[in-house]
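Numbering (this note's numbering), first residue to last: 31 to 261.
Listed below in structure tokens is the structure:
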């Protein structure tokens with residue numbers, strides 16, 4: 031049976047939260063150092079109970095709530111909600127912010143000091159996956175307008191991650207989510223030679239070059255390109 035659009039929306043958000051809750055048990059562990067997971071077992075570096083999510087889902091919830099409450103993209107409102115999560119545990123699964131990436135922290139500190147919500151560093155060395163992990167609500171909100179999806183995904187990244195690779199990884203993931211919502215097959219999703227990605231490593235992922243790599247040649251990390259390529 032073909033899933034309905036509303037089922038695809040639910041799948042995107044539940045997949046984000048469930049994947050987060052499953053993965054936290056082995057977060058920061060190297061490949062092959064643990065038995066493959068088949069359920070939510072909790073534990074991990076933060077000692078979470080089974081089913082508890084991490085900063086990935088907390089920030090996604092903040093972003094989704096902002097888009098709905100403001101009926102659109104409001105960078106200052108998004109950053110205010112991220113700040114509430116960081117300082118007071120807003121939308122945390124435990125009531126506290128028990129983990130936050132350095133790039134996100136620095137952006138929130140800059141926002142506090144300047145009130146400028148476009149606070150993400152543009153230094154290429156800061157192209158982490160922090161803006162990628164929370165992204166799904168943006169694509170869901172602006173679908174089916176692909177141009178708005180791309181623009182909003184880029185701007186969503188720039189609040190905390192302004193490095194070009196991080197921004198374009200968010201654009202690519204947003205495009206993939208939108209195309210999945212439209213019902214595109216996995217084969218189609220694995221090859222997109224769109225000229226909008228001028229960062230070489232991002233354009234290579236879009237074109238599906240990772241499919242030619244061996245398992246050993248693909249390594250996940252906190253780097254946005256590596257994280258998206260592994261997914």
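Note that beta-carbon positions come from the ideal geometry of N, C-alpha and C, so glycine has one too.
(request) Indicate whether the contact test is met: 3 or more Cβ pairs, each with one atom in the segment 56-75 and one in the segment 138-151, closer than 8 Å. (result) no
(message) Considering only their Cβ atoms, is the gap separating residue 52 from residue 70 smaller than 8 Å?
(response) yes
(message) Excluding the 5 residues flanking residue 199 on each side, which residues of the same chain have their C-beta closer than 7 Å to its C-beta?
(response) 162, 232, 254, 255, 258
(request) Closer than 7 Å by C-beta to residue 107: which residues in its own chain qualify, once you throw out the five before and the five after it? Chain order, please. (result) 96, 100
(message) Please state the DSSP three-state secondary structure of residue 161.
(response) coil
(request) Report the option in 105, 41, 202 whose CA atom is closest to the CA atom of residue 190. (result) 105
(request) Report yes or no: do the segment 121-135 and the segment 77-89 share at least 3 C-beta pairs separated by less than 8 Å? (result) yes
(message) So, for residue 171: in the same chain, excluding its five sequence neighbours on each side, which residues have a beta-carbon less than 7 Å away from its beta-carbon?
(response) 97
(request) Taking 8 Å as the cut-off, decide whether the C-beta atoms of residue 210 and residue 219 are in contact. (result) yes
(message) Residues in the same chain with beta-carbon distance under 7 Å from residue 280, minus the five sequence neighbours each way, listed in chain order, please.
(response) The structure shown does not extend to residue 280, since the chain spans only 31 to 261, so no value can be given for it.
(message) Between which two residues does the alpha helix (DSSP H) holding residue 183 run?
(response) 176-188
(request) Work out the CA separation of residue 40 and residue 196 for me, nearest whole Å. (result) 25 Å
(message) Per DSSP, what are the beta-bridge partners of residue 173 in this structure?
(response) BP columns for residue 173 are empty, so no partner.
(message) Checking 8 Å against the spacing of the C-beta atoms, do residue 165 and residue 186 come in under that value?
(response) yes
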